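Report on the structure given below.
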Amino acid sequence: MSNGKKVLLIISGGISAYKSLELIRELKVRNIKVRCILTTAGSQFVTPLSVEALTGDKVYQDLFSLTETNEMGHIELSRDADLIVVAPATANIIAKMRAGIADDLATTALIATDKSVLIAPSMNVKMWEHASTQSNMMELQQRGINVIGPETGDMACGEYGVGRMSEPLSIAQKINEVLLENKGMLQNQIITKTKPMKLVGRKAIVTSGPTKEAIDPVRYLTNHSSGRQGYAIAKALSEQGAETILISGPTQLPSPSGVTVKHVNSALEMLAACKEFLPADIVICAAAVADWRIANPNINKIKKNGELPVLELIENPDILLQISQLTKNRPYLVIGFAAETQDLIKNAQAKLSKKGCDWIMANDVSPETGTFGSEKNTIHIISKDGVEAWPTLTKEIIGQKISIRIAEFLDGLS
Ligand SMILES: Cc1cc2nc3c(=O)[nH]c(=O)nc-3n(C[C@H](O)[C@H](O)[C@H](O)COP(=O)(O)O)c2cc1C
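Under the numbering used here, the letters of the sequence shown match residues 53 to 466, in that order.
In structure tokens, the structure reads:
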């Protein structure tokens, strides 16, 4: 337990600041001492009086207050805590943390600290998806800042998407986890997250990664796919409650928790695995399946004997086409990926009608885009209803967005 630990809670100016009052209560019942900094914007959402009543301490707001400097300067305030928690963390404070801006008590305490920091982002879905916020979050995570949420759900502004602050109970549990980790005391605790699950009762199959087509026992044909996008989609579908099977070509990625992972090498193995797990409600073919394989791979290593070997190629089965054209138990939704280096939309539209799938997620994989292997992707969704361009987002966010889109589509069928 984190008995007697001290948390410095920074409440910044987000609509979910009211939930931080509940968070203070959750921490107090765990016998964690809470001191609170309220940003100027934060004080528009919760009153200093409420915070003081709940913490049993004065609330810290002003960097230049003499009493605060005497009693508890910003450096001491941040150093005295075992952990600094920013909840809610606004897009603004996240950006300031990344840039090292220290223009108020909260941001000065954050830059002055040598303790662990946990942030609970909370904002409108468009603010969260904005390239600046995504880039700031990636940088902060790389620096070792702990993050919880945001969650997917209805927002105060009436929109639906990713951006809701995690629930106080989840944040309190995460705080406990980080405090114990700091002490090297984590004892395989299960952290429960409250999530609205929109795909409970649905089964999804996702293919991902490259395939390897053997030339001989030591050589093969493959491509640059990292598998990241498919893995992120499988993770997001599972987080929405879908029973998710990920059929993965060779990658270096860890298996997403809650997902059944079937590892395969070749296109033929991938097709066999799809057939093994079908029927399903949703199939997403994100794998970069090799179009061709070697007709007769050598049983033994081909020796270098002065003559160039002739490799005969034959076409691999088209997994997306086969699943799209199932006449019995066809999935409600079959989604393919088009990785193109030219005429992205035109080629993706052609693929949609040729394969008979429902949506194509088209992405430009020209070397200059850095899509293969990178954390980000730029997607166009092509369907019979038209083309929808998404901004450049992390593959994680694309996974979350597509899983919401799928849930909405399936809801519309019933
Ligand atoms: C009604 C209202 C609700 C807001 N909610 C949020 C929010 O949930 N998340 C966010 O990042 N910014 C939100 N903002 C904008 C922030 O309050 C604004 O960016 C402010 O400068 C943040 O200051 P701070 O980070 O120092 O607290 C909201 C603004 C208003 C007027």
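Backbone N, C-alpha and C define an ideal beta-carbon position, used for all residues, glycine too. From a predicted model like this one, the values you see are computed outputs, not experimental measurements.
Check, Outcome
"Beta-carbon contacts of Leu115 that lie in its chain and below 7 Å, excluding the five residues immediately before and after", "His126, Asp156, Leu157 and Thr160"
"Cβ neighbour criterion (16 or more within 10 Å) applied to Lys356", "exposed"
"CB of Thr107 within 7 Å of CB of Ile76, strictly", "yes"
"Three CB pairs or more closer than 8 Å across the stretch 89-101 and the stretch 200-209", "no"
"Nonlocal neighbours in the same chain, by C-beta distance under 7 Å from Ala141, ignoring five residues either side", "Ser64, Ile171, Ala172, Pro173 and Ser174"
"Ligand 1 heavy atom lying under 6 Å from the CB of Gly94", "yes"
"Whole-angstrom distance between Asp206 and Tyr212, CA atom to CA atom", "4 Å"
"Cα-Cα separation, Arg82 to Gln281", "39 Å"
"Where Phe389 falls: helix, strand or coil (DSSP)", "strand"
"In chain order, each beta strand (DSSP E) run of at least 3 residues that lies wholly inside the stretch 120-160", "135-141"
"Cutoff 6 Å; reference Asn188; Cβ partners in own chain excluding five residues on either side", "Ile146, Ala147 and Arg150"
"Beta-carbon separation (whole angstroms), Ala511 vs Asn275, contact threshold 8 Å", "It is not possible to answer for residue 511, since the shown part of the chain is limited to 53 through 466."
"Contact under 7 Å by Cβ, Gly388 with Cys337", "yes"
"Cα-Cα separation between Phe461 and Lys436, rounded to whole angstroms", "14 Å"
"Residue range of the unbroken alpha helix (DSSP H) whose run includes Thr185", "Ala183 to Gln194"
"Range covered by the alpha helix (DSSP H) that runs through Arg457", "Lys447 to Leu465"
"Where Thr28 sits in the DSSP three-state scheme", "With the chain running from 53 to 466 in the structure shown, residue 28 is simply not present."
"Status (buried if at least 16 other CB within 10 Å, exposed otherwise) for Asp166", "exposed"
"Any C-beta of chain C under 7 Å from that of Thr444", "No chain C appears in this structure, which consists of one protein chain only."
"Helix, strand or coil at Tyr283 [DSSP, three-state]", "helix"
"Nearest-angstrom Cα separation, counted from Val138 out to Tyr70", "13 Å"
"CA-to-CA distance, Ala266 to Asn352, given in whole angstroms", "11 Å"
"Stretch-stretch touch, CB-based, cutoff 8 Å, three pairs: the stretch 376-390 with the stretch 286-300", "no"
"Beta strand (DSSP E) segment containing Met413, residue limits", "Trp411 to Asp416"
"Residue environment, Asn348, which counts as buried when at least 16 other CB atoms sit within 10 Å", "exposed"
"Minimum C-alpha distance to Ala105 - residue among Ile227, Lys80 and Thr91", "Lys80"
"Beta-carbon proximity check, Ala256 vs Lys447, cutoff 7 Å", "no"
"N-terminal and C-terminal residue of the beta strand (DSSP E) that Tyr212 is part of", "Tyr212 to Arg216"
"Which of helix, strand or coil DSSP assigns to Lys398", "helix"
"For Gln225, the nearest candidate out of Gln401, Glu78 and Asn415 (CA to CA)", "Glu78"
"Burial state of Cys326 (16 or more Cβ within 10 Å)", "buried"
"Any non-hydrogen atom of ligand 1 closer than 6 Å to Thr204 Cβ", "no"
"Residues bridged to Ile299 (per DSSP)", "Thr259 and Lys314"
"Span of the beta strand (DSSP E) around Arg345", "Trp344 to Ile346"
"Secondary structure of Leu118, DSSP reduced to three states", "In this prediction, Leu118 scores a pLDDT of 49, lower than 50, which makes its location untrustworthy; the coordinate-derived value is nonetheless stated afterwards. Of the three classes helix, strand and coil, the one that applies to Leu118 here is helix, per DSSP."
"Sequence-distant residues of its chain with Cβ nearer than 7 Å to Val270 (five each side left out)", "Lys353"
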